[in-house]
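Colleague: The following block contains the structure, expressed as structure tokens.
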Amino acid sequence: MSIAHRWSDLRPWLGTLARLGLAAVWLVAGGSKVGDLAGSGRAVAAFRLMPADAARLVGAALPFVEIALGVLLLVGLATRLAAAVSAALFAIYIVGIAAAWARGLSIDCGCFGGGGQLAPGQHPNYAPDILRDVGLLLVAGFLVIWPRTRLALDEWLLVGEAT
Amino acid sequence: MSSRANKKQAARVVRDQIARERARARTLWISIAAVAVLVIAGLAGLVVYQSQRSGEHVNPQHATANGDGLVVGSGPKTVDVYLDFMCPHCKDFEETAGGSLNQMAAANQITLAYHPVAFLDNASTTKYSTRAASATGCASDAGKLTEYVQALFANQPAEGSAGLSDDQLIQLGHTVGISGSGFDTCVRDGKYRPWVQHVTDQALNRGVSGTPTVYVNGKQVEPSLPAITQALGG
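One line per chain: the protein sequences are F and G, in this order.
In this text, residue positions in the first sequence follow our numbering: the first is 1, and each later residue adds one.
In this text, residue positions in the second sequence follow our numbering: the first is 1001, and each later residue adds one.
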């Protein structure tokens, strides 16, 4: 079997792995915040990138959007779109964390719940957060380029149709 | 032979064409549905958030002008302290700096404003931050705010626990000398819970995102007694 053949056989399964991995990240991230929407708003406000009122609304909407993205990716519906929205969100998060770092803010990103200003004596560690989001951005990018994956609703809905 | 093959080929091209069109249409509809799902999810978040917010609030006695805190003393300089009764660092701060600040307020050297916020409601199973902060409003009505704040920190529950029950919060009020049933019903009814939400929102609007946070004459300083006395001018 040629390498090209092997890649085209393997790729949809790699895509499944990427899709489910991304779905898990969104479901955990959204699920950890959905029980405390006010806290989620505070975490957004701590970045000081928008007025507190706007941050409250973004903080309330975000966990639900994250869970919805997780569900879409989990079942494999509109994979390319969900992956593109995911990539856009990761890019925004990376910019937000980098901006907090550059301005010397001492906050917790609140990526998986919690968030807000750190207590005195606690030091933020932004690099791992950014690296993680860059990794996730690459995974999402893979799905934007190759959205057809195995075990996906997309595959079933578009069965027999030209790709 | 060649003409039949051509026809077959043409038919296949047409079939492929139709299939591609159909796939495109279906993909479009799936995408529209997915976008709708995301938008609805976001709106659901806003609706849930709005429904969680309580409506009108009443300010306790001795509240600040805009109702975002509780005032002790009437000195020329102001010290604003943002605290959460579930926050261990706030307890440390109260134990090291609280006494001196209360003395300065009692001597009317400073106007001390406590802003009891509910940032850490998720650190207890019963929204202890909100309940305790709400009870301070009741204590302020009874004129025993500083004593009650000290008692709350002295009896701070562990993170992740249920916190003190409403009955225990009432009991604590009695130990600092609050009498009369007004305090008891005030705590039990959660009279000032909407007010705590207001305090928390106002704190956020001011840029407070953690506790303890301290302002001296409107300028943020490190939450420590030396930093505060220095900012007050020795």
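Cβ coordinates follow ideal geometry from the N, Cα and C atoms, glycine included.
1. Does F/L157 have its Cβ less than 8 Å from a Cβ in chain G?
2. For the stretch 1011–1030 of chain G, list every residue whose C-beta sits within 8 Å of some C-beta in chain F, in sequence order.
3. Thinking C-alpha only, which one of G/I1178, G/A1106 and G/E1159 is nearest G/S1140?
4. So which residues on chain F does G/G1210 lean against when the C-beta distance must stay under 7 Å?
5. When you compare only the Cα positions, how much space is there between G/M1104 and G/V1196?
6. Please work out which residues of its chain come closer than 6 Å, Cβ to Cβ, to F/S40, disregarding the five sequence neighbours upstream and downstream, and give them in chain order.
7. If we ignore side chains and look at the alpha-carbon of each, how far apart do F/A162 and G/A1023 end up?
8. Using a Cβ-Cβ cut-off of 8 Å (strictly less than) and excluding sequence neighbours within five positions of F/A144, which residues of its own chain qualify?
9. Kindly give me the distance between the Cβ atoms of F/L22 and F/A99, rounded to whole angstroms, as I take these residues to be in contact under 8 Å.
10. Kindly indicate the opening and closing residues of the alpha helix (DSSP H) around G/H1174.
11. If we cut at 8 Å on Cβ distances, does G/V1037 have a partner in chain F?
12. Per the contact definition of three or more C-beta pairs closer than 8 Å, is the stretch 1198–1212 of chain G in contact with the stretch 1112–1127 of chain G?
13. Just the chain G side, please: which residues come within less than 9 Å of F/P128 by C-beta, in chain order?
14. Which first and last residues belong to the beta strand (DSSP E) in which G/H1115 is found?
15. Comparing alpha-carbon positions, which option in F/Y93, F/R132, F/C109 and F/G113 lies nearest F/H123?
16. Among the candidates F/L157, F/I92 and F/I107, whose CA atom is the shortest distance from the CA of F/L208?
17. Using beta-carbon positions only, say whether F/F112 and F/A29 come within less than 8 Å of one another.
18. Rounded to whole angstroms, what is the Cα-Cα separation between G/V1079 and G/P1212?
19. Using C-beta distances below 8 Å, list every residue in its chain close to G/N1108, excluding the 5 sequence neighbours before and after it, in chain order.
20. State the DSSP-derived secondary structure class of G/V1214, mapped to helix, strand or coil.
21. Do F/L37 and G/V1048 come within 8 Å of each other at the CB atom, strictly closer than that value?
22. Name the chain G residues that come within less than 9 Å of F/V85, Cβ to Cβ?
23. Using 10 angstroms around the beta-carbon of G/I1032, count the other beta-carbons present and answer buried if the total reaches 16, otherwise exposed.
24. Note down the Cα distance separating G/R1188 from G/G1173, rounded to an integer number of angstroms.
25. Is F/G135 close to chain G, meaning its C-beta is less than 8 Å from at least one C-beta of that chain?
26. Tell me the DSSP bridge mates of F/C111?
Modeller: Taking the coordinates as given:
1. Position 157 of the first sequence, counted from the first residue, corresponds to residue 157 of chain F. F/L157 belongs to the set of residues whose beta carbon lies under 8 Å from a beta carbon in chain G.
2. D1016, A1019, R1020, R1022, A1023, R1026, T1027 and I1030
3. Looking up residue 1140 of chain G in the second sequence gives position 140. The residue from G/I1178, G/A1106 and G/E1159 with its alpha-carbon nearest to that of G/S1140 is G/I1178.
4. In the second sequence, counting from the first residue as 1, residue 1210 of chain G sits at position 210. Neighbours of G/G1210 across chain F, judged by C-beta separation under 7 Å: G116, Q117, L118 and A119.
5. If you number the second sequence from 1, residue 1104 of chain G lands on position 104. If you number the second sequence from 1, residue 1196 of chain G lands on position 196. The alpha-carbon atoms of G/M1104 and G/V1196 are separated by roughly 26 Å.
6. Here residue 40 of chain F refers to the residue found at position 40 when the first sequence is read from its first residue. Beyond the five residues adjoining it in sequence on each side, F/S40 comes within less than 6 Å, by CB distance, of K33, G59 and P63 in the same chain, given in chain order.
7. Locating residue 162 of chain F in the first sequence gives position 162, where the first residue counts as 1. Locating residue 1023 of chain G in the second sequence gives position 23, where the first residue counts as 1. Below a pLDDT of 50, predicted positions are generally treated as unreliable, and F/A162, at 44, falls in that range; no measurement from the model is reported.
8. Reading the first sequence from its first residue, position 144 is the one you call residue 144 of chain F. The residue asked about is misnamed: residue 144 of chain F is Val in this sequence, not Ala. In chain order, R80, A83, A84 and A87 place their CB closer than 8 Å to the CB of F/V144, counting only its own chain and leaving out the 5 sequence neighbours on each side.
9. For the purposes of this step, residue 22 of chain F is taken as the residue at position 22 of the first sequence. For the purposes of this step, residue 99 of chain F is taken as the residue at position 99 of the first sequence. No, F/L22 and F/A99 are not in contact; Cβ-Cβ is about 24 Å, not under 8 Å.
10. Taking the second sequence and counting its residues from 1, the one referred to as residue 1174 of chain G is at position 174. Element bounds for G/H1174: D1166 to T1175.
11. Counting from one through the second sequence, the residue named residue 1037 of chain G turns up at place 37. Chain F contact via Cβ: present.
12. yes
13. For the purposes of this step, residue 128 of chain F is identified with residue 128 of the first sequence, where counting begins at 1. Those within 9 Å of F/P128 in chain G number zero; the least Cβ separation is about 20 Å.
14. Along the second sequence, one-based indexing puts residue 1115 of chain G at 115. From DSSP, the beta strand (DSSP E) with G/H1115 extends over I1110 to P1116.
15. Counting from one through the first sequence, the residue named residue 123 of chain F turns up at place 123. F/H123 has its Cα closest to that of F/C109, out of F/Y93, F/R132, F/C109 and F/G113.
16. Absent from the model: residue 208 of chain F. The displayed extent of chain F is 1 to 163, so no value can be given.
17. Counted from its first residue, the first sequence places residue 112 of chain F at position 112. Counted from its first residue, the first sequence places residue 29 of chain F at position 29. Yes, the pair counts as a contact, with Cβ atoms nearer than the cut-off.
18. Mapped onto the second sequence, residue 1079 of chain G falls at position 79. Mapped onto the second sequence, residue 1212 of chain G falls at position 212. Near 13 Å, if we compare the C-alpha coordinates of G/P1212 and G/V1079.
19. For the purposes of this step, residue 1108 of chain G is taken as the residue at position 108 of the second sequence. The answer, listed in chain order, is G1073, S1074 and G1075.
20. Taking the second sequence and counting its residues from 1, one reaches residue 1214 of chain G at position 214. If DSSP states are grouped into helix, strand and coil, G/V1214 belongs with the strands.
21. Here residue 1048 of chain G corresponds to residue number 48 of the second sequence, with the count starting at 1. Here residue 37 of chain F corresponds to residue number 37 of the first sequence, with the count starting at 1. For G/V1048 and F/L37, yes; Cβs fall inside 8 Å.
22. Translated into the one-based positions of the first sequence, residue 85 of chain F becomes position 85. Under the 9 Å cutoff, chain G gives A1034, V1035 and L1038.
23. Against the second sequence, residue 1032 of chain G aligns to sequence position 32. By the neighbour-count rule (16 or more Cβ atoms within 10 Å), G/I1032 is not buried but exposed.
24. The count along the second sequence starts at 1 and reaches residue 1188 of chain G at position 188. The count along the second sequence starts at 1 and reaches residue 1173 of chain G at position 173. Near 12 Å, if we compare the C-alpha coordinates of G/G1173 and G/R1188.
25. Reading the first sequence from its first residue, position 135 is the one you call residue 135 of chain F. With 8 Å as the cut-off, F/G135 does not count as an interface residue toward chain G.
26. Stepping through the first sequence from its first residue, residue 111 of chain F is reached at position 111. Answer is F/G113, bridged to F/C111.
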